[in-house]
Amino acid sequence: MITFLDILYLVCCNFYKRREKDDFKISGLILLSAVFEFNIIMITLIIPRFYPDLFAQSFVYQKRYHIIGICLIVFATLLYLRYFKITNYDEVYQNIQCMKDLNRSVYSLLAVVYVIASFLVTIVLGVMIGSSSNAG
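Adding 38 to a residue's 1-based position in the sequence shown gives its number in the working numbering.
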């Protein structure tokens, strides 16, 4: 069974594969964890901005930075177990190679767009919210 997460992992690993011949698998895992962290950061930026009364006094909003740190540890641990203990890069790569070329290309393109969009949207959103907070 091929999942989008497997494609994301391969895209993240392939980003480092040319530069790091030995450690590209762990670097891909770190990049994949960072992608998920940027998604969580984006959510913590969006919710208070558009729904200020929803979480303003809640425990979740007050401890959001702790939650982001805990999620990083949990995501990194789960992804490590998935790609280094349960399966490995070679198994995932072989399963991806068995897919049709068109499907593989579409999934790879969507994965690349997802990785780039995760970083760009979070950074742009942070800059926009930061600049609007400082302007007022």
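Backbone N, C-alpha and C fix where the C-beta goes; we use that ideal spot for every residue, glycine too. On a predicted model such as this, the values are computed, not experimentally measured, just so you know.
| Asked | Found |
| --- | --- |
| How would you label Cys51, buried or exposed, when you count the other beta carbons within 10 angstroms and need 16 or more for buried? | buried |
| Looking at the secondary structure, which residues open and close the alpha helix (DSSP H) in which Ser65 lies? | 62–88 |
| Near Leu69, which residues of its chain fall below 6 Å by C-beta distance, leaving aside the five closest residues on each side in sequence? | Cys50 |
| Run through DSSP, which three-state label would Asn126 get? | coil |
| With distances taken from CA atoms, which of Phe53, Glu58, Ile84 is nearest Val165? | Ile84 |
| Throw me the rounded Cβ distance for the Ile167 and Arg87 pair, which I believe falls under 8 Å. | 6 Å |
| Counting only the same chain and skipping the five closest in sequence on each side, list residues whose C-beta sits under 8 Å from that of Tyr121. | Tyr47, Lys63, Leu67, Tyr127, Val130 |
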